[in-house]
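Please read the structure below before turning to the comments.
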Amino acid sequence: MIEEYTVEAIRRALARDPRVGELELDVEVDEEAIRVTGTLPTEQRRDAVTEVLEERFPNHRVENATAVLSPEAPPDEEVVG
Amino acid sequence: MIRIAAAGDLHYGVDSAGRMRPALADLDDHADILCLAGDLTTRGRPEEAEVLARELADAPVPVVAVLGNHDYHTDQQQEVTEILERAGARVLEGTSLVHEVNGVRVGIAGVKGFGGGFAGASGSEFGEPEMKLFMRVTIDAANRLDAALTEMDADLKIALMHFSPIPETLEGEPLEIYPFLGSYLLAEPLDKHRVDLALHGHAHRGDEHGETPGGVPVRNVAQHVLEAPYKVYSLDPENAERRDRSDATIGS
Numbered sequence: 109m110i111e112e113y114t115v116e117a118i119r120r121a122l123a124r125d126p127r128v129g130e131l132e133l134d135v136e137v138d139e140e141a142i143r144v145t146g147t148l149p150t151e152q153r154r155d156a157v158t159e160v161l162e163e164r165f166p167n168h169r170v171e172n173a174t175a176v177l178s179p180e181a182p183p184d185e186e187v188v189g
Numbered sequence: 655m656i657r658i659a660a661a662g663d664l665h666y667g668v669d670s671a672g673r674m675r676p677a678l679a680d681l682d683d684h685a686d687i688l689c690l691a692g693d694l695t696t697r698g699r700p701e702e703a704e705v706l707a708r709e710l711a712d713a714p715v716p717v718v719a720v721l722g723n724h725d726y727h728t729d730q731q732q733e734v735t736e737i738l739e740r741a742g743a744r745v746l747e748g749t750s751l752v753h754e755v756n757g758v759r760v761g762i763a764g765v766k767g768f769g770g771g772f773a774g775a776s777g778s779e780f781g782e783p784e785m786k787l788f789m790r791v792t793i794d795a796a797n798r799l800d801a802a803l804t805e806m807d808a809d810l811k812i813a814l815m816h817f818s819p820i821p822e823t824l825e826g827e828p829l830e831i832y833p834f835l836g837s838y839l840l841a842e843p844l845d846k847h848r849v850d851l852a853l854h855g856h857a858h859r860g861d862e863h864g865e866t867p868g869g870v871p872v873r874n875v876a877q878h879v880l881e882a883p884y885k886v887y888s889l890d891p892e893n894a895e896r897r898d899r900s901d902a903t904i905g906s
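In order, the protein sequences belong to chains F and L. For the first sequence, the working numbering begins at 109 and goes up steadily by one. For the second sequence, the working numbering begins at 655 and goes up steadily by one.
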């Protein structure tokens with residue numbers, strides 16, 4: 109498949125699969141590997157990215173470089189007006 | 655000062671239990687009201703909303719929310735709304751409310767909004783029925799935001815949306831998807847009503863800061879942008895009052 113179409117097929121899989129359900133992940137692909145970056149809300153969904161892509165694209169190596177949001181980061185404050 | 659805590663794009667799932675608890679536990683030390691800017695769930699399923707509702711039920715400050723596109727995905731947005739409201743949150747859609755904080759009437763008008771693009775590059779209500787319908791959804795949302803702001807009698811005016819009213823807070827997103835991320839039509843009512851702060855989410859790769867053409871501060875509060883569970887925006891009601899007096903003078 110042409111690379112650009114593969115990127116969208118991957119993005120579609122990540123958005124539609126209920127284990128992930130994320131639209132705003134960045135995807136790069138070449139003949140051997142899929143690399144995914146972006147931020148996910150939980151560890152489980154981060155793991156699910158690898159799981160879904162390994163199932164759907166078994167001929168590619170999956171590099172899951174996504175991050176997980178910290179639930180405990182201290183609150184920042186800004187005076188707006 | 656009035657302290658507004660804000661966050662968007664929580665994307666709660668059944669695997670999210672407890673994610674907001676640490677942030678909510680001492681929220682009243684930092685803020686007077688919590689605003690949630692949509693995408694509260696991942697797929698808009700009631701069981702996802704239930705997980706968040708259990709945590710919001712214990713929030714020590716009033717919680718005001720709008721839904722986002724993710725909350726509509728399985729066509730159960732009404733149930734999602736009801737679950738969150740049963741937990742004590744108020745979910746706005748073309749509606750407003752006023753909370754009094756230390757004698758200051760803090761008004762919040764909310765609408766999910768929709769896409770369309772921005773001035774000079776916006777879609778038009780023209781051509782195929784599908785295109786006209788797309789733009790009418792946005793026009794209708796902007797009109798409902800205008801109506802909600804019109805009816806709101808408050809000292810401080812806050813607008814809460816999911817989609818963005820300006821392109822500046824989308825910077826970092828691919829330019830090609832801007833029309834799916836917001837519309838300038840949502841900015842017009844903010845300037846018309848001299849809103850003190852506009853909040854939105856939706857654009858995970860966007861920028862936090864921007865302002866409307868008329869100078870209303872706009873903040874993209876997607877948790878991905880904040881890199882924190884929420885952020886606090888402090889507003890001085892006396893400054894808002896001075897702005898209103900100045901507008902009245904210019905208008906007279």
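Don't be surprised by glycine CBs; every beta carbon is placed ideally from N, CA and C.
Same chain, Cβ closer than 8 Å to residue i, five either side skipped, listed in chain order
i              : result
G146 (chain F) : E130, E132, L133, D134, T174, A175
V715 (chain L) : A659, L681, D682, A685, D686, I687, L688
E112 (chain F) : none
Q730 (chain L) : G698, R699, P700
R120 (chain F) : none
V705 (chain L) : Y666, G667, V668, S670, A671
G781 (chain L) : none
I793 (chain L) : E779, L839
R790 (chain L) : E779
Residue j beta carbon less than 8 Å from that of residue i
i              : j              : result
R673 (chain L) : P149 (chain F) : yes
L880 (chain L) : A659 (chain L) : no
H878 (chain L) : L122 (chain F) : no
S776 (chain L) : S837 (chain L) : yes
A882 (chain L) : D184 (chain F) : yes
L694 (chain L) : Y666 (chain L) : yes
P833 (chain L) : G769 (chain L) : yes
D663 (chain L) : A876 (chain L) : yes
V128 (chain F) : V157 (chain F) : yes
E180 (chain F) : P676 (chain L) : yes
N874 (chain L) : H847 (chain L) : no
D850 (chain L) : G189 (chain F) : yes
L613 (chain L) : G767 (chain L) : With chain L covering 655 to 906 only, the question about residue 613 (chain L) has no answer from this structure.
D807 (chain L) : V720 (chain L) : no
L678 (chain L) : A713 (chain L) : yes
I118 (chain F) : L161 (chain F) : yes
A763 (chain L) : A703 (chain L) : no
G722 (chain L) : G692 (chain L) : yes
Heavy atom of the ligand FAD within 7 Å of residue i beta-carbon
i              : result
E784 (chain L) : The model depicted lacks the ligand FAD and carries no ligand whatsoever.
Cutoff 7 Å; reference residue i; Cβ partners in own chain excluding five residues on either side
i              : result
E827 (chain L) : L835, A857, R859, G860
R798 (chain L) : G748, V765
V758 (chain L) : I656, D809, L810, P891
R143 (chain F) : E136, E171, A173
L844 (chain L) : A813, P819, A852, T866, V870
E140 (chain F) : H168, R169
E842 (chain L) : A796
P821 (chain L) : F772, Y832
E825 (chain L) : G860, D861
Q152 (chain F) : none
Spatial neighbours of residue i in its chain, beta-carbon cut-off 6 Å, leaving aside the 5 residues before and after
i              : result
K786 (chain L) : E779
F717 (chain L) : The amino acid occupying residue 717 (chain L) in the given sequence is Val; Phe does not appear at that position. Cβ within range, chain order: L688, L710, A743.
A741 (chain L) : A707, L710, A711
V886 (chain L) : R657, A659, H684, A685
T823 (chain L) : G860, D861, G864, V872, N874
E733 (chain L) : P700
A894 (chain L) : L810, D850
V755 (chain L) : I656, D686
R154 (chain F) : L148, T174, V176
Of the residues that make up the segment 800-824 of chain L, which ones have a beta carbon closer than 9 Å to any beta carbon in chain F? Under the 9 Å Cβ criterion, the segment 800-824 of chain L contributes no residue.
Against chain L: residues of the segment 153-184 of chain F by CB proximity under 8 Å: Only those residues of the segment 153-184 of chain F whose C-beta falls short of 8 Å from the nearest C-beta of chain L are listed: R153, L177, S178, P179, E180, A181, P182, P183, D184.
Do three or more CB pairs link the segment 721-741 of chain L to the segment 861-869 of chain L at distances below 8 Å? Contact fails: fewer than three Cβ-Cβ distances are below 8 Å.
May I ask you to list, following chain order, the residues of the segment 885-902 of chain L that have a beta carbon less than 9 Å from some beta carbon of chain F? Cβ contacts with chain F: K885, V886, Y887, S888, L889, D890, N893, A894, R897.
Residues of the segment 698-716 of chain L in Cβ contact with chain F at a cutoff of 8 Å, in chain order, please. For the segment 698-716 of chain L, the set of positions with a beta-carbon nearer than 8 Å to some beta-carbon of chain F is empty.
In chain order, which alpha helix (DSSP H) runs of at least 4 residues are fully inside the segment 143-187 of chain F? Complete alpha helix (DSSP H) runs here, min 4: 151-164.
Residue ranges of each beta strand (DSSP E) run of no fewer than 3 residues wholly in the segment 741-808 of chain L, ordered along the chain? Listed in chain order, the complete beta strand (DSSP E) runs (minimum 3 residues) inside the segment 741-808 of chain L are 749-755, 758-765.
Check distances from the C-beta atoms of the segment 675-689 of chain L to those of chain F and list, in chain order, the residues that come in under 7 Å. Flagged, chain order: P676, A677, H684.
Runs of 3 residues minimum, wholly inside the segment 815-901 of chain L: which ones carry the beta strand (DSSP E) assignment? Segments of the beta strand (DSSP E) lying fully in the segment 815-901 of chain L: 851-854, 863-865, 871-874, 885-889.
Pull out every residue of the segment 844-862 of chain L whose Cβ sits closer than 7 Å to any Cβ of chain F, in chain order. Those would be D850, L851, H858, R859, in chain order.
Return the residues of the segment 135-152 of chain F that lie within a Cβ-Cβ distance of less than 9 Å from chain L, sorted by chain order. Look at the segment 135-152 of chain F: the residues with a C-beta under 9 Å from a C-beta of chain L are G146, T147, L148, P149, T150, E151, Q152.
Pick out the complete alpha helix (DSSP H) segments inside the segment 699-728 of chain L, 4 residues or longer, and give them in chain order. Whole alpha helix (DSSP H) segments, 4+ residues: 700-710.
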